[in-house]
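Residue numbers (the working numbering): 488 to 557.
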């Protein structure tokens with residue numbers, strides 16, 4: 488496997504690539520119905536993972552926050 492192929496495979500798993508390539512392929516009609524569902528499920532999984540990460544970071548920040556003022 489060449490570096491370009493390895494890079495493309497790694498890039499195609501990222502949320503940015505999925506968001507862009509999926510929408511373009513869907514609009515151009517290049518996806519079968521099953522591939523469209525897989526792409527949609529992948530986007531939902533990325534959104535859920537991002538929300539979980541955001542929640543963990545938010546809670547850690549709230550624990551460290553010390554409000555000072557009048």
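Glycine residues also receive a C-beta, built at the ideal position from the N, C-alpha and C atoms.
Item	Value
What's the C-alpha gap between residue 512 and residue 518?	6 Å
Do the CB positions of residue 526 and residue 509 come within less than 8 Å of each other?	yes
What residue range does the alpha helix (DSSP H) around residue 493 cover?	490 to 498
Residue 525 lies in the alpha helix (DSSP H); which residues open and close that run?	520 to 551
Put residue 506 into one of helix, strand or coil per three-state DSSP.	helix
Nearest to residue 534 by CA position, among 545, 552, 506 and 516, is which residue?	506
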